[in-house]
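Trainee:
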Amino acid sequence: MTQVSVFPAPVMPGLRNLLSRYAESTMWLARYMERIENLARLIDVTSTSVSATNPDAGWDSVIRINADEGLFFQRHETAGERSVVAFYITDSDNPDSIVSMARYARENARVLRPLISTEMWMHLNVFTRWVMELGPDDVGASYLSTLCTRLKQDCQTHFGITEGTLYRDQAWLFYILGKNLERADQITRLIDIKYHTLLPSGVGIGSDIDMSQWTSVLRSAAAYHAFRRVLPEGMTPANIVGFLLKNDGFPRSLSTSLRSVYSVLGSLAGEYRLRHCAPIMERIEELRVTLVEQTVEDIIMRGLHEYMDWIQRELRQIQNEIAHAFWPPAISVQSIGPGHMEQMQD
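Heads up, the sequence shown is in our numbering, so the first residue is 198 and it goes up one at a time.
#1: Which residue from Q491, D506, S217 puts its Cα closest to that of Q383?
#2: Quick one: does the C-beta of N322 sit closer than 7 Å to a heavy atom of the ligand ZN?
#3: Helix, strand or coil for L428? Go by DSSP, reduced to three states.
#4: Taking three-plus beta-carbon pairs below 8 Å as touching, is the region 486-500 in contact with the region 459-469?
#5: Just to confirm my understanding: we take S246, look at its own chain, exclude 5 residues before and 5 after, and list those with CB closer than 6 Å. What are they?
#6: Assess, as a yes-or-no matter, whether the region 482-490 is touched by the region 359-369 under the definition of 3 or more beta carbon pairs within less than 8 Å.
#7: Please return the same chain residues whose Cβ sits closer than 7 Å to the Cβ of L374, not counting the five positions on each side in sequence.
#8: What residue from I515, Q514, N436, R480 has the CA that sits closest to V493's CA?
#9: Whole angstroms are fine: how far does the CA of S244 sit from the CA of A423?
#10: Could you tell me the distance, in whole angstroms, from the CA atom of N517 to the CA atom of R510?
#11: Scan the region 277-326 and note each continuous alpha helix (DSSP H) run of 4 residues or more that stays entirely inside, going in chain order.
#12: For A418, which of S294, L441, S409 has the nearest alpha-carbon?
#13: Counting along the chain, where does the alpha helix (DSSP H) carrying V336 start and finish?
#14: Beta-carbon separation of T385 and L451 under 8 Å?
#15: For the region 277-286 and the region 309-324, state whether three or more C-beta atom pairs, one from each stretch, are separated by less than 8 Å.
#16: Taking only runs of the alpha helix (DSSP H) that begin and end inside the region 460-516, which ones reach a length of at least 4 residues, in chain order?
#17: Express the C-alpha separation of M298 and V259 in angstroms, rounding to a whole number.
#18: Classify L216 as helix, strand or coil using the three-state DSSP reduction.
#19: To the nearest angstrom, how far is it from the Cα of A522 to the Cα of R472?
#20: Apart from the five residues just before and just after L512, which ones in its own chain have a Cβ nearer than 7 Å to its Cβ?
#21: How close, in whole Å, do the beta carbons of L226 and N305 come, if the pair is a contact with beta carbons under 8 Å?
#22: Distance check for W524 and S569, CA to CA, integer angstroms please.
#23: Quick one: Cα of H320 to Cα of D351, how far?
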């Protein structure tokens, strides 16, 4: 891949240009590590919330959230615990499996070795090697919760090491950009699928089963304790959707992620004179305005699925515009890998 600078114009004295391949790899390293953590949490929550009388019920939602129906059902007849867990953890032929994403993260980290700290590299090296060595015997039902806990903890350790050791320049900004784009994408997928999976249920609203299902939605987003702190008596579908979409204090909400993406692009444009940010920032601001100006009741009444679908299309377009603006159009497979390649297409 051609090593061109992200910055075609002169920059302020003392500021060094960042190679476009570094910007790309930094952003995708963050996205893959965030995606691994989200997927591990989703698998863990699903495994603990399924019915004891029908242990395979609910696993199809994991496939739908990741939009992998085509690939999954080419290889498996039914979406049960055994098949879904294998597909999303150890199947190296699935580009969206944790094993595959660990490989992509490692490849990006290797590209970034001149930039990242020794602590970051050592932890990523140990973590990704462990993940890539996982086999069928490691993901049995009796080991699954422990495995998912370690995956989540190692991803959180990575984020902590990165926050504490990565130099605050353009690389840091692209890392934060990728992390928050991934969070915005994942939260909209979770809300879209889980809301419409649970809403038509014949279970009575407010029943123990209903509350358990909605609790699993919050836990899938790592939002349960934050939600109960803010709305201790408000366990309703509308309140949960509103919290995950609009709460500015929750770090994984859509509004918080969009605010962070907007702020990062503003820093890249203002502090580093990076071109082409303005149109992307305008698109993000449009998303933020639609979120602020509508109540969650308005969103649900007008069509939550349609709104989430529109948000996801806009996020894909933002990713496309970032790629076209800051690195060459010939996408590097090393930096991105084949997982979720639709995010990089017009």
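Built from N, CA and C at the ideal position, the CB exists for glycine as well.
Mentor: Taking the coordinates as given:
#1: D506
#2: What this structure holds is no ligand at all, so the ligand ZN is not there to describe.
#3: coil
#4: no
#5: S413
#6: no
#7: M224, V458, V461
#8: N436
#9: 22 Å
#10: 11 Å
#11: 278-286, 295-308
#12: L441
#13: Premise fails: V336 is in no alpha helix (DSSP H) and is neither H nor E.
#14: yes
#15: no
#16: 474-490
#17: 16 Å
#18: strand
#19: 8 Å
#20: L378, A381, D382
#21: 4 Å
#22: Not covered by the structure: residue 569. The range shown for the chain is 198 to 543.
#23: 8 Å
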